[in-house]
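Structure first, then comments.
2 protein chains.
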Amino acid sequence: MNLPSALNLVEPLDRQTLGERAYARLADLLMSGRLAPGEKLSLRAAADVLGVSIMPVREAVSRLVADKALEVTPNRAVRVPLMSAAQFRDLTKVRIAIEGHAAAQAALHHDSNNLMGIARAEEAMRLESEADVPDLPRAVELNKTFHFAVYAAAHSPILVEIIRALWLKAGPVINLDLRANPDRLAKGDAIHFHAEVRKAIEAGNSAAAQAGIAADIKGAADFILSRGGLAE
Amino acid sequence: MNLPSALNLVEPLDRQTLGERAYARLADLLMSGRLAPGEKLSLRAAADVLGVSIMPVREAVSRLVADKALEVTPNRAVRVPLMSAAQFRDLTKVRIAIEGHAAAQAALHHDSNNLMGIARAEEAMRLESEADVPDLPRAVELNKTFHFAVYAAAHSPILVEIIRALWLKAGPVINLDLRANPDRLAKGDAIHFHAEVRKAIEAGNSAAAQAGIAADIKGAADFILSRGGLAE
DNA sequence: TGCCGTGATCTGTGATCACAGTTAGACTGG
DNA sequence: CCAGTCTAACTGTGATCACAGATCACGGCA
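Sequences listed follow chains X and Z, in order.
Residue 168 in the numbering used here sits at position 168 of the first sequence; the count goes up by one each step and never skips.
Residue 1191 in the numbering used here sits at position 191 of the second sequence; the count goes up by one each step and never skips.
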């Protein structure tokens, strides 16, 4: 190991396996709500769309099933799980606890990079939602960007990973709805809470950051529940 | 659906897939620390041991990799991840936050069934650790039983699932060590904290339940860290 | 008209094969 | 005795095939 000396900046040639890419693709579909609860997913059809054999898709799906972001029914059919109102309430409570905790940690442990990322993400989403004709899919994406910018500031990879898994479950329910209803975005609740969270984190006020995230999550969840589209 | 009339008590023939069984087996090995960090795992060898082809093992492993309970190195070798001290501290902090939260919820939402389960689990582990020659693997198992009896009392399936994933990561580090060192078990810290947790939950004292679990987790983690076996 | 058998077609699961990349060890040349 | 090379045995990944079970539409019987 004596010679190279020069280019140490060669990144290790990210050899992404097809399975990983398939996973990333499907996970994105779920998180952004383009796959609706109850919707079925055929391995072969998905493989066809992705232009690969079913093997990579199988790996991706088995991961998502492990995360309970997908489920395979006793009748051998893969679909995105239907969520009962009770389950959704449970999920929301857990999200408030964990994401709230992450926001509080972010207020305590952030660095300047984090602040910049959070501020930029907040502004991007604010601009989009104040546009005359907001691009809803883009708003959903920007909302995610903002939240994860906050959580990244907690400097806890494990926490971020857990939250990602939660979003994988919540995405189909929440974002499917948001896509169909510009109303709530226009109302500006999310924008308002996001600003509060940003200011709280900048001020190092962990309790306020936690409360802001909790209010944001609860607001969206109550909106979904009030529309009564959930089973049982 | 008019005719059967007779046996309504036929359980739906739990068709467990080979992949699931392989997953359960490997997950158990990890959680109980029988697979040490850094240890390599060959798909074909594992398939051979389990008496199946490599397909079910592949599914099981890809799930565990998704959970970061296993990892596949850039050189194509699956192994139990090595954990740095920093990562272990992060994991411990997250565990304290989440499992503490679950214990607090358990104190608030438990029912009598839960109390019975918790009391029974606590006693079983106390008896084992007070034996002349404690069966360490069994003690590890009973410790897990107790903790999950507590978390089940929170009545939040999602929370329990998250904690399970955390134990999958912590198992190899913590239980490998515990298996080799009866000292800490004999010292009785865990037993002491468990009793406190049980009493707190029975009394509906959420703060005390949370503190007890936190102390239990922190005690074990500090013990591991003090032995300095972790990298970096 | 209403119901039930039936077969074609689809499902996920599992096994097997092919392949490229890695590793370890014997071997060779200095 | 050590550095280098080459080979043989392994690794996970991906594709393909085989199969049992589920689904659904068609058609005939009541």
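All residues carry an ideal CB built from backbone N, CA and C; glycine is no exception.
Item                                                                                                                                                                  : Value
With 7 Å set as the bound, which would you pick, yes or no: does the beta-carbon of Z/L1091 sit closer than that to a beta-carbon of chain X?                         : yes
Residues of chain Z with CB under 7 Å from X/H101, in chain order?                                                                                                    : A1097
Which residues in the same chain as X/L176 place their Cβ atom closer than 6 Å to its Cβ, once the five residues preceding and following it in sequence are excluded? : G33, A36
Mapping the DSSP letters down to three states, classify X/G219 as helix, strand or coil.                                                                              : helix
Check distances from the C-beta atoms of the stretch 1165–1192 of chain Z to those of chain X and list, in chain order, the residues that come in under 9 Å.          : A1165, L1166, K1169
Looking at chain X, which residues of the stretch 1130–1157 of chain Z have a Cβ within less than 9 Å of any of its Cβ atoms?                                         : H1155, S1156, P1157
What are the residues of the stretch 1058–1088 of chain Z that lie near chain X, defined by any Cβ-Cβ distance shorter than 9 Å?                                      : R1058, E1059, A1060, S1062, R1063, L1064, V1065, A1066, D1067, K1068, V1072, P1074, Q1087
Can you name, in chain order, every residue of its own chain whose Cβ lies under 8 Å from the Cβ of Z/Y1023, other than the five neighbours on each side?             : E1059, A1060, R1063, L1064
Give the secondary structure of Z/E1099 by DSSP, where H, G and I count as helix, E and B as strand, and everything else as coil.                                     : helix
Do you know offhand how far Z/L1029's Cα is from X/F88's?                                                                                                             : 32 Å
How many angstroms separate the CA atom of Z/V1078 from the CA atom of X/G19?                                                                                         : 15 Å
Nearest CA to the CA of X/A104: which residue from X/G219, X/A214, X/A221, X/E39?                                                                                     : X/A214
With respect to the beta strand (DSSP E) encompassing X/V52, which residues constitute its N-terminal and C-terminal limits?                                          : Segment: none, X/V52 is in no beta strand (DSSP E) and carries neither H nor E.
X/V52 CB to nearest chain Z CB: under 7 Å?                                                                                                                            : no
Under 7 Å between beta-carbons, which chain X residues line up against Z/L1159? List them in chain order, please.                                                     : V94
Using the C-alpha atoms, what's the distance from X/L91 back to X/R164?                                                                                               : 13 Å
Excluding sequence positions up to five away, which residues of its chain have a Cβ less than 7 Å from the Cβ of Z/S1053?                                             : A1047
Near X/L230, which residues of its chain fall below 7 Å by C-beta distance, leaving aside the five closest residues on each side in sequence?                         : M83, S84, A85, F88
For X/P131, which option in X/E99, X/L166, X/P182, X/T145 has the closest C-alpha, if you only look at C-alpha atoms?                                                 : Here residue 131 of chain X turns out to be Ala, not Pro, going by the sequence shown. The shortest Cα separation from X/A131 among X/E99, X/L166, X/P182, X/T145 belongs to X/P182.
What is the DSSP secondary structure of Z/S1129, reduced to helix, strand or coil?                                                                                    : helix
Using a beta-carbon distance below 7 Å, is X/I217 in contact with chain Z?                                                                                            : no
Once DSSP output is grouped into helix, strand and coil, what is the label at X/R76?                                                                                  : coil
In this structure, what does DSSP give as the bridge partners for Z/E1161?                                                                                            : Paired residue(s): none; Z/E1161 is not in a bridge.
What are the boundary residues of the alpha helix (DSSP H) that includes X/G19?                                                                                       : 18–31
Between Z/I1162 and chain X, is the shortest Cβ-Cβ distance under 7 Å, so that the two count as touching?                                                             : yes
Assuming X/R126 and X/I191 are in contact, meaning their beta carbons sit under 8 Å apart, how far apart are those beta carbons, in whole angstroms?                  : 5 Å
Taking the CB atoms as reference points, tell me whether X/G212 and X/E202 lie closer together than 7 Å.                                                              : no
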